[in-house]
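Numbering (my numbering), first residue to last: 834 to 1046. From the three backbone atoms N, C-alpha and C, an ideal C-beta is built for every residue, glycine too.
Set out below in structure tokens:
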């Protein structure tokens, strides 16, 4: 196997482990100050998608290092989570910068560094097949389920992760933000789907394991 492929595998797995450790660390901090409700902590789209991304990166990284074939379904999941992290970065840095209770270094890591690394990995490392456009809709079920859960919590126990989803803002405001969020996810997904058609600049598929586009 190409040494660069091994570096890619270790890089993905290592990045996933670091992000997972950061999420666990900050959750432990929350517990220590009496704010350890897991439904609140993991109710944030950032925390959910970062945790999923870390698991996906660890899985793909280990498979690459071992020279195993990466299942197309896993690559599709990596593409979907890449789109989610792009939206996380854009919304946090443009709409709600500096909010939340996390230390600045944790916010910077989860909202800037991690999304950037995941996006560059997808763009520059050409070990992924072309994602079929007919599967672009698969971006939507997860955020729709998350939004539904958040809105139900908003009208029952009053907790929402982001201010723009507060029920008291009115139905019109909620509809605008919900539609805008879903549109942003589709737009980010379209960019990720389009990028899957590039050969990559660092490692091509042929230099990696038995996986083929």
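Open item on the list: Beta-carbon within less than 7 Å of residue 972's beta-carbon, same chain only, minus the 5 sequence neighbours each way: which residues are those?
Closed with: 913, 916, 1018, 1019, 1022
- [ ] Tell me whether the beta-carbon of residue 964 lies closer than 8 Å to the beta-carbon of residue 909.
- [x] yes
TODO: May I have the straight-line CA-CA distance separating residue 1014 from residue 969, to the nearest angstrom?
DONE: 15 Å
Task: Completely contained alpha helix (DSSP H) runs for the segment 912-988, where each covers 4 or more residues - done: 937-941, 947-957
- [ ] Compare the Cα-Cα distances from residue 1027 to each of 961, 1004, 865 and report the closest residue.
- [x] 961
- [ ] Assign residue 1011 to one of three DSSP states: helix, strand, or coil.
- [x] helix
TODO: Tell me, to the nearest whole angstrom, how far the beta carbon of residue 951 is from that of residue 886; I am working on the premise that it is less than 8 Å.
DONE: 6 Å
Task: 8 Å CB neighbourhood of residue 945 in its chain, flanking five on each side removed - done: 922, 926
- [ ] Between the Cα of residue 986 and those of 876, 843, 881, spot the shortest distance and give me the residue it belongs to.
- [x] 876
Task: Alpha carbon of residue 958 to alpha carbon of residue 1001, nearest angstrom - done: 45 Å
TODO: If I'm right that residue 1089 touches residue 1011 with Cβ under 8 Å, what's the distance once you round it to whole angstroms?
DONE: Residue 1089 lies beyond the stretch modelled for the chain, which goes from 834 to 1046, so this question has no answer here.
Open item on the list: Under 8 Å, with one C-beta from each stretch per pair, do the segment 888-899 and the segment 834-854 reach the 3-pair mark?
Closed with: yes
Open item on the list: Between the segment 895-903 and the segment 838-847, can you find at least three pairs of beta-carbon atoms closer than 8 Å?
Closed with: yes
- [ ] Indicate the three-state DSSP secondary structure (helix, strand or coil) for residue 875 in the structure shown.
- [x] coil
Task: C-alpha gap between residue 976 and residue 920, whole angstroms - done: 11 Å
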